[in-house]
Amino acid sequence: MKLLITGGAGFIGANFVRYVYINHPDVAITILDKLTYAGNRVNLTGLLKARVRLVVGDITDESLVDTLMSQTDVCVHFAAESHNDNALVHPKEFLQSNVIGTYTLLEAARKYQVRFHHVSTDEVYGQLPLEPKSAKFTTSSRYAPSSPYSATKAASDMLVQGWVRSFHVRATISNCSNNYGPYQHIEKFIPRQITNILSGRRPKLYGSGKNVRDWIHVEDHSRAIWAIITRGHIGETYLIGADEQHSNLEVVETLLQLMGQPSDAFDYVADRPGHDARYAIDASKIRRELGWTPLHTDFKGGLAQTIDWYQQHCDWWQNQKRAVEARYAQHDQ
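So, in structure tokens, the structure goes:
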């Protein structure tokens, strides 16, 4: 298999590259990444060998995308602007990358009849009420995005659906819950709190801290995507989640406990505009049809492993920390 991975130097993309490289030695991997602040060549350390190459470029570059897609059997599309706080300040960048970029890739996949998988988010469905916890998103849930980020991801999902129906592009979609694990940028919730504690800062909690997220380890997400591109049915959408619902307050308190700090050693900050109350995924379809199940089922243990990774890789994040916190401070967050 010749595999093209967009956004393969980012958090989830790099973990997927690593998963494929280790577990499927017969796959040749081309990574297309713009190497913005969220993409880091260091994330691919030890992988850029004969079977793996990195092409630095933009998914909206039609000529480059055409060339790479002509050499590809399967394209897995991770590349996206994804941070909600940034979307509130610079929404146009999200339109360009998430919508125009996906369109550009779809047209090239259509031209060369490449199998295409689009990686999306549960945020396209908006929010669930805090109770009952049994209510979850399904593939029939109505799209109701709450932010510029989720709106552009919803638009890209619909582009994929339209290209499947109108042009018979061989595509699938996955909508995944919140990921955690190694190589996640420190502007994101869990690594921000971990690196705050490691650098002597107090963790920050939006609003009341009652907002609930459904967490999944990034390795389980990688395994699910592989199942979809090898066994999934064309035109289908698969929801990926590990049924690990925890409030942001619970997550911060657990991190503090694991790192030997008092459970109340954090600060509340102003809530984010459009902050969704709860996300939760019904992953029964991918479990039933493709036989996928998560392996990382101990969330507290997974957090402990993630803390260890950031402790052991201070050189990976320390140079960015001051600038990230300065940006948050501008908005009293």
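Oh and the sequence shown: position 292 is 292 in UniProt numbering, straight run, nothing missing.
A virtual CB, placed ideally from N, CA and C, is assigned to each residue, including glycine.
Bear in mind that the values here come from a model prediction, so they are computed numbers and not experimental data.
Cβ-based neighbour list, residue i, same chain, cut-off 6 Å, excluding 5 preceding and 5 following
i       : result
Val-114 : Met-69, Thr-72 and Cys-75
Ile-190 : Tyr-180
Ala-154 : Val-124, Tyr-143 and Pro-145
Cys-176 : His-221 and Ile-240
Pro-294 : Asp-220 and Ala-242
Ile-229 : Val-74 and His-117
Arg-93  : Correcting the residue type first, residue 93 is Glu in the shown sequence and not Arg. These residues qualify, in order along the chain: Glu-81.
Selection from the options that minimises the alpha carbon distance to residue i
i       : options                              : result
Thr-60  : Glu-81, Leu-44 and Arg-41            : Glu-81
Thr-6   : Val-119, Gly-291, Asn-23 and Gly-232 : Val-119
Tyr-112 : Leu-258, Arg-170 and Thr-139         : Arg-170
Ala-28  : Val-52, Leu-48, His-331 and Arg-41   : Val-52
Lys-49  : Met-259, Tyr-21, Val-252 and Gly-57  : Tyr-21
Asn-98  : Leu-88, His-117 and Phe-78           : Phe-78
Ala-265 : Thr-297, Leu-205 and Gln-311         : Leu-205
Asp-332 : Thr-297, Asp-267, Gln-311 and Thr-30 : Asp-267
Ile-12  : Trp-292, Asp-271, Arg-327 and Ile-31 : Ile-31
Secondary structure of residue i, DSSP reduced to three states
i       : result
Val-160 : helix
Val-42  : helix
His-296 : coil
Asp-33  : strand
Val-27  : coil
Ser-222 : helix
Arg-231 : helix
Arg-53  : strand
Arg-272 : coil
Cut-off 8 Å between Cβ atoms - residues of its own chain near residue i, not counting five sequence neighbours on either side
i       : result
Leu-130 : Lys-210, Val-212, Ala-277 and Arg-278
Ser-263 : Glu-253, Leu-256 and Gln-257
Opening and closing residue of the alpha helix (DSSP H) in which residue i lies
i       : result
Gln-320 : 314 to 330
Ser-284 : 284 to 290
Lys-111 : 101 to 112
Thr-60  : No alpha helix (DSSP H) contains Thr-60, which DSSP labels as neither H nor E.
Leu-47  : Segment: none, Leu-47 is in no alpha helix (DSSP H) and carries neither H nor E.
Gln-261 : Counting along the chain, Gln-261 falls outside any alpha helix (DSSP H), and DSSP gives it neither H nor E.
Opening and closing residue of the beta strand (DSSP E) in which residue i lies
i       : result
Pro-212 : For clarity, residue 212 is Val in the given sequence; the question names Pro instead. Start and end: 212 to 217.
Arg-115 : 115 to 121
Ile-240 : 237 to 240
Leu-205 : 204 to 206
Asp-267 : 267 to 269
Gln-96  : Element bounds for Gln-96: n/a, residue is neither H nor E.
Gln-71  : Careful: Gln-71 lies outside any beta strand (DSSP E) and carries neither H nor E.
His-246 : 245 to 247
Proximal residues to residue i (C-beta, below 7 Å), its chain only, five neighbours per side dropped
i       : result
Gly-181 : Asn-15, His-217, Val-218, Glu-219 and Thr-306
Gln-96  : Thr-60
Trp-163 : Leu-106, Arg-110, Val-169 and Ala-171
Ser-199 : Lys-321
Ala-304 : Leu-258
| query | Whole alpha helix (DSSP H) runs in the segment 118 to 192 with 4 or more residues, listed along the chain? | reply | Along the length of the segment 118 to 192, whole alpha helix (DSSP H) runs at least 4 residues long occupy 148 to 167, reported in chain order.
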